[in-house]
Amino acid sequence: MTATQDAEGTLGASVKLIADALKSGSTVDHGQLEATALGLAIVGSDHVIRANAILDAGRFFYVTGRPEIGIRVAEKAKSFALETAQVAATISAYNLIGVCSADSGDLPRAMEAYAAGLNLAQKTGDRGQEAKLWQNTGGALNYGGLFRESMACSQRVLDLGDVSPVATSLAAIAYASIALCSLNLDEISLGISAIEKSLALAPEPNDAHSIQNRVLSENYYTRLLIEISDFDGARMHAKMAREFANKSMSPRAGIQASVAEGLAEAFSGDLDVGISRLTATLALAQKLKLASREVLVALVKALEYAGRHDEALKYLREMLAQQRQTAEANVLRHVHLHLVQLHAVDANSTIEDVKQIMRRMETHVEVIEGRVAKVELVKQKQELFRARIEAMERLAVAAELRDDSTGEHSYRVGRMACLLAKEAGCDDETIFMIDIAARLHDVGKIGIPDGILLKPGKLNGSERLVMEMHAEIGADVLVKSEIPHIRMAEEIARHHHERWDGTGYPAKIGGREIPLAVRITTLADVYDALTHKRPYKEAWTAEASLSEILSLRGTHFDPELTDLFLALVSRLRREHRDLDHHLGEAARASPFIQARGKIWETLKLAKDEYQQQFQRTMDLQR
Ligand SMILES: [Fe+2]
Ligand SMILES: [Fe+2]
611 MTATQDAEGT LGASVKLIAD ALKSGSTVDH GQLEATALGL AIVGSDHVIR ANAILDAGRF
671 FYVTGRPEIG IRVAEKAKSF ALETAQVAAT ISAYNLIGVC SADSGDLPRA MEAYAAGLNL
731 AQKTGDRGQE AKLWQNTGGA LNYGGLFRES MACSQRVLDL GDVSPVATSL AAIAYASIAL
791 CSLNLDEISL GISAIEKSLA LAPEPNDAHS IQNRVLSENY YTRLLIEISD FDGARMHAKM
851 AREFANKSMS PRAGIQASVA EGLAEAFSGD LDVGISRLTA TLALAQKLKL ASREVLVALV
911 KALEYAGRHD EALKYLREML AQQRQTAEAN VLRHVHLHLV QLHAVDANST IEDVKQIMRR
971 METHVEVIEG RVAKVELVKQ KQELFRARIE AMERLAVAAE LRDDSTGEHS YRVGRMACLL
1031 AKEAGCDDET IFMIDIAARL HDVGKIGIPD GILLKPGKLN GSERLVMEMH AEIGADVLVK
1091 SEIPHIRMAE EIARHHHERW DGTGYPAKIG GREIPLAVRI TTLADVYDAL THKRPYKEAW
1151 TAEASLSEIL SLRGTHFDPE LTDLFLALVS RLRREHRDLD HHLGEAARAS PFIQARGKIW
1211 ETLKLAKDEY QQQFQRTMDL QR
């Protein structure tokens, strides 16, 4: 920071550079713009102008599709706003960190930022900011497949409409979000009533943004009408989607309109026309790297309807491969960023560099081994591992949220596995590692489509095969993560569904061929899954779960470990009145779980209110 940089003329020029970039979405040099934004964070004078300009730069990176840079800039805006005691700018910064994180696929980080922003907005009574934050939280939850909670967030926005004009202006978007969630949850009449409200509230669109929103709403409406076999209505709204898309000139809007048209055609009798339109749209979407997943879903739906199951399967596979690739790439990028931060290396360094730094650190640890007391060293190594694993752990919990909305399952499994390892006479190092490694057992669920993860009831044959892929996906991601000492976690992820008699998956290994840490985790995982409610099953009592495990002794589970496990659980149940609470201790220390808990607490209320209100609406319509 130099005197010239701080001069008024320079401040004006910087602010103008950023404002122009944001307005035109122009081809300005990204490095220069980021440097300009970060350089504005000087405490002294013009704090409001500076904070707003930094935020605008962050918004520029978000709208131009560079959310990672957006996060860096928004973080700077946050620390500057905090330092200069600007509440509104701090909340905006949290909001922007959330939007950018969600856009780059980091749901945990987004939720933490939104929870922090909500906390501040509620404390200071800023209802407008609160509404925006709820709207965006809903968007992130929708992206994460948590449709019920997403819907409750939108309801929150609607509730705030009574007291805040900002919230009122968001009502049309909130209703459209509810419609999309309803579509995913198969609650069609709720969806239709929501989209009708949204369209009634939305003013005639006149700018690029509102036209795009309108195309989306018409797309949702079309899909909802198909579900109730109102094909004339579906065709009409698909046509409206097309008209608005033509006005918008945006390729994304064009694709959304084609999806609506293709589906409306396919389901109203013109099967071939609809299917060829969707096939062409898919090619276009893939070429432009836009929304191709949505187009695939639509195409598969139309092909299934036409009875062309083989083709549907081919596209389904493609969809799966694509989702897996995106999810893996996201995880690896976030873990990489985390490692970079942890070891304070240059953010532009490649994965290769990080590997080298890790190697140097390992050698360093070996060198000092002679000097430091052994106990100290072990502790240091353990802390280092714990820190390195953190980003992966949060993503694993996020992947599990669809099954277990509290996010505590992974932690309980880790804790229980660690206690069983102790009973089995493992050394301290193993006992420590298993606690953390077992938390990652289902990280591969990031690569499994929502439709399968969330399906209530039994999976069919091919769905089961897809579901089983989570073991290998998880192991792959862990291998590629470059986190040292990850071996045990990789083995657990890969083999936690193997069985003692060799009839499990994926490798069908059995007996002691299955590593000990894995056999231990399997017991802990099955017990915890049995004793808790999942989308596809009710919770079993502890007694029923234990007798189920006993009945699988020697077939599913290692017989000796089963005996130790049954004794362990009986003892733990005597010692702890609330065993879940005891085992989930580590979960409640996680900032992500805390953020989630806070959002969930507020939403529970909103959900009841919403259901009541919906009940009223239904009654009126009768
Ligand atoms: Fe699993
Ligand atoms: Fe599990």
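Sequence positions in the sequence shown follow our numbering and run 611 to 1232.
Glycine residues also receive a C-beta, built at the ideal position from the N, C-alpha and C atoms.
Candidates the options, of which the one nearest residue i by Cα
i: R1109; options: D772, E1100, S827, R1129; result: R1129
i: F841; options: E871, A651, L780, E814; result: E871
i: R719; options: Y1146, D772, N940; result: N940
i: A661; options: V697, G675, A1199; result: V697
i: D1138; options: H1191, P1116, D1173; result: H1191
i: L873; options: A916, E1148, S858, A895; result: A916
i: G1112; options: G1120, S902, L795; result: G1120
i: L1189; options: D656, T1212, H1105, L1029; result: L1029
i: Q822; options: L795, A844, S799, R852; result: R852
i: K897; options: R862, A818, T674, S1091; result: R862
i: S711; options: R1074, Q739, R676; result: R676
i: E722; options: K991, G668, S1200; result: S1200
i: I999; options: L947, R1022, D796, Q935; result: L947
i: K1068; options: H1019, K1147, V1136; result: K1147
i: I707; options: L1162, Y724, K1143, I836; result: Y724
i: P1059; options: A1047, V1076, I1046, G1071; result: V1076
i: Q866; options: L881, A1099, D880, M850; result: M850
i: H1107; options: A1127, K924, E1078, A895; result: E1078
Residue i CB to nearest heavy atom of ligand 1 below 6 Å
i: D666; result: no
i: D1013; result: no
i: D1086; result: no
i: D1052; result: yes
Burial state of residue i, where buried means 16 or more other Cβ atoms lie within 10 Å
i: A1255; result: Only positions 611 to 1232 of the chain appear in this structure, which leaves residue 1255 out of reach.
i: Y672; result: buried
i: T614; result: Because the pLDDT at T614 is just 44, under 50, the model does not fix this residue reliably, and the point stays unresolved.
i: G749; result: buried
i: I978; result: For I978, the predicted model reports a pLDDT of 48, less than 50, meaning its position is unreliable; a value from the coordinates is still stated below. By the 10 Å Cβ count, I978 comes out exposed.
i: E1010; result: buried
i: Q765; result: buried
i: R1187; result: exposed
i: A703; result: buried
i: G619; result: exposed
i: T1040; result: buried
i: V773; result: exposed
i: T832; result: buried
i: D1037; result: exposed
i: D666; result: buried
i: I628; result: buried
i: D736; result: buried
i: S1161; result: exposed
i: E1018; result: buried
i: D630; result: exposed
i: T1151; result: exposed
C-beta contact flag for residue i and residue j at 7 Å
i: A1001; j: V1053; result: no
i: G801; j: L834; result: yes
i: I1289; j: A647; result: Only positions 611 to 1232 of the chain appear in the structure, and residue 1289 is not among them; the question remains open.
i: Y830; j: A789; result: yes
i: S827; j: L811; result: no
i: T1141; j: S1155; result: yes
i: K1055; j: H1080; result: yes
i: Y1021; j: G1194; result: yes
i: F854; j: R824; result: yes
i: L930; j: E921; result: no
i: I1083; j: R934; result: yes
i: F757; j: L795; result: yes
i: M1026; j: A1149; result: no
i: A895; j: G884; result: no
i: V776; j: A726; result: no
i: A1127; j: I1062; result: no
Strand pairing of residue i, partner residues [DSSP]
i: R1163; result: F1167
i: K1147; result: R1144
Cβ-heavy atom distance, residue i to ligand 2, below 6 Å
i: D1045; result: no
i: D1135; result: yes
Any non-hydrogen atom of ligand 4 closer than 6 Å to residue i Cβ
i: G749; result: In the structure shown, ligand 4 is absent; the only ligands present are ligand 1 and ligand 2.
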